[in-house]
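Participant: Going by numbering that gives the first Met the number 0, the sequence shown opens with residue 0, and the numbers climb by one from there.
In this text, a Cβ means the ideal position worked out from N, Cα and C, and glycines have one as well.
Below is the structure I would like to discuss, written out as structure tokens.
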Amino acid sequence: MYKMVVLDLDGTLLNSASSLSEKNRWVIEKCVKMGIKVVLASGRMHYSMKPIIKKLQLEEDFHIAGNGSTIFSLGGYLEDISILEDEVYRNVVKRLKKEEVEFLVYSKENVYYDYAPKLSGAVLKYGDERPVQMNSIADLKGVPKIVLYLDSEEWEKEKRIREIMKDCAAVLRSHESFVDIVHFDTSKYKAIERLMRFYKIQPKEVIAIGDSENDAELIENVGLGIAMANGSDIVKRVAKYITPKTNDQDGVADTLERLVLKKIS
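Spelled out as structure tokens, the structure:
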């Protein structure tokens, strides 16, 4: 029997309008009532996940933010697992500015930028953050992640970014338009491993559902790793199952109903 369900948000649990459907909410409620731990694991920071957690009434449970950089609950617990060292962070910012790439910097409290008109608009569209302009952005400390916006005309830049960052930070695609730069030790799976030890749950007892590169390690290493129909090829290659439906068709609810709820009931 599965004891934990781990869900990505954007592109997975949420639809393309970044909304939670009533069907997905209902299925998660059923899982919780059956004693299954439901963990949200997102590239978003914890403050952007709060409204969804409240809608799902999962305030006292632990969740994963910042691609695995933070474990938190709305009950007041927050632990930073991995952040970019200050020197590494300054080096990353210097390299990004040299490449003339737009980026946002995420701290524990807010989102900052110095000049990123396209990126800040994209974040306003897909999340609840309100980026703050900051001229001395390289002076920030305790940064868990940096987000780059790469539109259709800038996809070639991703290869270049991965190349110039390979000696100082990990580069992960978290969305069709977003690329995250994080500490090498940051991953959703490493954070989930900590929760599995805490709850005394084995990997084989865990289901994980996601759609992007930042979900791949998690999906590959749990008992039942599931890729969304709208997911990237990277995550589909390592998944044990691919949902027939997309995030706009309640793919999470459909899959959990058939693979979990009906088998238990």
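Let me confirm a value: Y188 is counted as buried when at least 16 other C-beta atoms fall within 10 Å, else exposed. Which label applies?
Facilitator: Locating residue 188 in the sequence shown gives position 189, counting from the first residue. Per the 10 Å Cβ criterion, buried.
Participant: Does the ligand ADP have a heavy atom nearer than 7 Å to the CB of V104?
Facilitator: By its list of ligands, the structure shown contains no ligand whatsoever, and the ligand ADP lies outside what it can speak to.
Participant: Where do the ends of the beta strand (DSSP E) carrying G250 lie?
Facilitator: In the sequence shown, counting from the first residue as 1, residue 250 sits at position 251. That residue, G250, is in no beta strand (DSSP E); its alpha helix (DSSP H) goes G250 to L255.
Participant: What are the complete alpha helix (DSSP H) segments, minimum 4 residues, inside the stretch 167 to 232?
Facilitator: Within the stretch 167 to 232, the complete alpha helix (DSSP H) runs of at least 4 residues are 187 to 198 and 215 to 220.
Participant: Should Y114 go down as buried or exposed, given a rule of 16 or more other Cβ atoms within 10 Å for buried?
Facilitator: Numbered from its first residue, the sequence shown carries residue 114 at position 115. So Y114 counts as exposed.
Participant: Suppose the cutoff is 8 Å on Cβ atoms and the five residues either side in sequence are ignored; what does the same chain contact list for Y197 look like?
Facilitator: Stepping through the sequence shown from its first residue, residue 197 is reached at position 198. Correcting the residue identity first, residue 197 is Phe in this sequence and not Tyr. Once the five neighbours on either side are set aside, the close Cβ partners of F197 are F61.
Participant: At which residues does the alpha helix (DSSP H) containing K156 begin and terminate?
Facilitator: In the sequence shown, residue 156 corresponds to position 157, counting from 1. That run of the alpha helix (DSSP H) goes W154 to M164.
Participant: Could you compute how far the alpha carbon of K203 sits from the alpha carbon of V221?
Facilitator: Within the sequence shown, residue 203 is the residue found at index 204, counting from 1. Within the sequence shown, residue 221 is the residue found at index 222, counting from 1. Distance between the alpha carbons of K203 and V221: 6 Å.
Participant: Assign K36 to one of three DSSP states: helix, strand, or coil.
Facilitator: In the sequence shown, counting from the first residue as 1, residue 36 sits at position 37. Here K36 sits in strand by DSSP.
Participant: Please report the Cβ distance between L147 and V104, rounded to the nearest whole angstrom; I am assuming they are in contact, meaning their Cβ atoms lie under 8 Å.
Facilitator: The residue you call residue 147 lines up with position 148 of the sequence shown. The residue you call residue 104 lines up with position 105 of the sequence shown. Their Cβ separation, rounded to whole angstroms, is 11 Å, which puts L147 and V104 out of contact at 8 Å.
Participant: Is it buried or exposed for L77, if we count other Cβ within 10 angstroms and need 16 for buried?
Facilitator: Taking the first residue of the sequence shown as 1, we reach residue 77 at position 78. Answer is exposed; the Cβ neighbour count stays below 16.
Participant: Give the range of the alpha helix (DSSP H) segment to which E78 is assigned.
Facilitator: Counted from its first residue, the sequence shown places residue 78 at position 79. First-last for E78: L77 to D79, but that is the beta strand (DSSP E), not the alpha helix (DSSP H).
Participant: Tell me which same chain residues have a C-beta within less than 7 Å of the C-beta of V266, skipping the five on either side of it?
Facilitator: Limits of the chain in this structure are 0 at one end and 264 at the other, which puts residue 266 out of reach.
Participant: Here's the rule I'm using: 16 or more other beta-carbon atoms within 10 Å means buried, otherwise exposed. How should G10 be labelled?
Facilitator: Numbered from its first residue, the sequence shown carries residue 10 at position 11. G10 comes out buried.
Participant: I believe L6 touches I208 by the beta-carbon criterion, under 8 Å. Please report the beta-carbon distance rounded to the nearest angstrom.
Facilitator: Within the sequence shown, residue 6 is the residue found at index 7, counting from 1. Within the sequence shown, residue 208 is the residue found at index 209, counting from 1. Right, their Cβ atoms sit about 6 Å apart.
Participant: By the 10 Å Cβ neighbour count, where 16 or more other Cβ atoms means buried, how is D138 classified, buried or exposed?
Facilitator: Locating residue 138 in the sequence shown gives position 139, counting from the first residue. Under this definition D138 is an exposed residue.
Participant: Tell me which residue opens and which closes the alpha helix (DSSP H) that M133 is part of.
Facilitator: The residue labelled residue 133 in the question sits at position 134 within the sequence shown. Counting along the chain, M133 falls outside any alpha helix (DSSP H), and DSSP gives it neither H nor E.
Participant: To which residues of the same chain is K45 closer than 7 Å at the C-beta, ignoring the five residues directly before and after it?
Facilitator: As a position in the sequence shown, residue 45 is number 46, starting the count at 1. Looking at the sequence shown, residue 45 is not Lys but His. A64, T69, F71 and L77, listed in sequence order.
Participant: What is the residue span of the beta strand (DSSP E) that L103 lies within?
Facilitator: Within the sequence shown, the letter at position 104 stands for residue 103. That run of the beta strand (DSSP E) goes F102 to Y105.
Participant: Among V26, L57, N90 and I82, which residue has its Cα nearest to the Cα of G74?
Facilitator: Sequence index remark: in the sequence shown, residue 74 carries index 75 (1-based). Answer by Cα proximity: L57.
Participant: Which residue from G141, I225, N66 and A40 puts its Cα closest to that of R172?
Facilitator: The residue given as residue 172 occupies position 173 in the sequence shown. Minimum Cα distance to R172 is reached at N66.
Participant: If you draw a straight line from the C-alpha of M33 to the C-alpha of V205, how long is it?
Facilitator: Taking the first residue of the sequence shown as 1, we reach residue 33 at position 34. Taking the first residue of the sequence shown as 1, we reach residue 205 at position 206. Approximately 15 Å, taken between the alpha carbons.
Participant: Can you check which of these residues, T245, E28 and I80, is closest to L194 by C-alpha distance?
Facilitator: Along the sequence shown, read from residue 1 onward, the residue named residue 194 stands at position 195. Nearest of T245, E28 and I80 to L194, Cα basis: I80.
Participant: Here's the rule I'm using: 16 or more other beta-carbon atoms within 10 Å means buried, otherwise exposed. How should A16 be labelled?
Facilitator: Start at 1 with the first residue of the sequence shown, and residue 16 comes out as number 17. A16 should be labelled exposed.
Participant: May I have the straight-line CA-CA distance separating F183 from W25, to the nearest angstrom?
Facilitator: Here the question's residue 183 lines up with position 184 in the sequence shown. Here the question's residue 25 lines up with position 26 in the sequence shown. Looking at the two C-alpha atoms, the distance is approximately 36 Å.
Participant: Starting from the C-beta of A270, find all residues in its chain whose C-beta is less than 7 Å away, skip the five residues before and the five after it, and write them out in chain order.
Facilitator: Lying before the first or after the last residue shown, residue 270 is absent from the chain, which here runs from 0 to 264.
Participant: Per DSSP, which residues does H62 bridge with? Please list them.
Facilitator: As a working mapping, residue 62 is identified with position 63 in the sequence shown. Answer is F71, bridged to H62.
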